[in-house]
Amino acid sequence: QLLSFSRQGLRDHRLWSPALGQRRDLLVYLPPNYDPKKQYPLALFLHGAAQDEQFFLQAIVAPFDKAIARGEMPPVIIAAPDGSIHGRATMFDLASFWADTKAGAFERYLMVDVWDFLHQTFPIKPSRDHHAVIGVSMGGSASMRLGIQYRHRIKMVVSVMPLLNLRYADCRGNYRSKFD
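All you need for my numbering is the position in the sequence shown, starting with 1, plus 3.
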């Protein structure tokens with residue numbers, strides 16, 4: 004089951020984000036045989052640049068659904084928030100990188116507004132052992148950073164095609180020095 008917190012006709016069901024000062028779209032995937040009396044692990048899915056939450060719907064839902072139905076992965080609630088700068092996918096806008104910048108407080112939006120909404124609305128296991136961040140490209144880079152920064156909340160990070168520089172450099176910026 005996929006819940007869409009979006010604008011539908013005259014009704015606006017989007018999530019209000021105090022961090023961004025605006026309403027934002029959010030998709031929430033509930034696993035097969037979802038039971039609101041049980042608690043579930045949580046995964047946040049972060050899309051890439053030039054995308055929005057619809058990428059999750061277009062490319063990701065079906066594989067998760069099949070894997071859970073086959074017993075290849077446990078049932079999990081997956082949230083796919085919109086992290087585009089202006090609330091729509093476009094090749095001509097800056098990317099949020101899910102960070103707090105002059106373009107907006109996208110990290111706060113994700114880790115406070117979305118996080119709190121999910122935990123207040125759905126039966127999510129509270130322990131960090133049951134929380135993951137999954138990201139693609141820009142979202143993959145952000146998932147690595149957020150997984151480190153919020154390690155008290157997040158146990159697992161899945162990063163697909165992240166924009167990362169993993170080179171070692173010493174305190175003088177020399178990347179050819181011996182690692183110690």
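Ideal placement from N, C-alpha and C gives every residue a C-beta, glycine not left out.
Assumed close pair residue i, residue j - CB separation to whole angstroms, cut-off 8 angstroms
| i | j | result |
| --- | --- | --- |
| residue 101 | residue 149 | 7 angstroms |
| residue 67 | residue 86 | Going by Cβ atoms, the distance from residue 67 to residue 86 rounds to 19 angstroms, so no, they are not a contact pair. |
| residue 184 | residue 42 | In the structure as shown, the chain starts at 4 and stops at 183, and residue 184 therefore has no counterpart that could be examined. |
Distance, residue j Cα to residue i Cα
| i | j | result |
| --- | --- | --- |
| residue 112 | residue 12 | 25 angstroms |
| residue 47 | residue 14 | 25 angstroms |
| residue 134 | residue 70 | 18 angstroms |
| residue 18 | residue 51 | 20 angstroms |
| residue 153 | residue 147 | 10 angstroms |
| residue 30 | residue 178 | 42 angstroms |
| residue 124 | residue 166 | 33 angstroms |
| residue 44 | residue 131 | 9 angstroms |
| residue 53 | residue 142 | 11 angstroms |
| residue 33 | residue 120 | 15 angstroms |
| residue 40 | residue 181 | 54 angstroms |
| residue 138 | residue 81 | 12 angstroms |
For residue i, the residue or residues it bridges with in DSSP
| i | result |
| --- | --- |
| residue 23 | Residue 23 pairs with nothing; no bridge assigned. |
| residue 137 | 48, 161 |
| residue 167 | Answer is none; residue 167 lacks a bridge partner. |
| residue 8 | 29 |
| residue 15 | 10 |
| residue 43 | 127 |
Residue i at chain D interface by Cβ criterion, 8 angstroms
| i | result |
| --- | --- |
| residue 21 | In the displayed structure, chain D is absent; only one protein chain is listed. |
Residue i beta carbon near the ligand FMN (any heavy atom closer than 7 angstroms)
| i | result |
| --- | --- |
| residue 178 | Absent from the structure shown: the ligand FMN. Ligands present: none. |
Worksheet item: Taking contact to mean at least 3 C-beta pairs separated by less than 8 angstroms, is the segment 152–170 in contact with the segment 62–78?
Response: no
Worksheet item: Taking the runs of the beta strand (DSSP E) that are 3 residues or longer, which of them lie wholly in the segment 60–133?
Response: 80–84
Worksheet entry | Validate contact between the segment 171–179 and the segment 56–66 using beta carbons, cut 8 angstroms, 3 pairs | no
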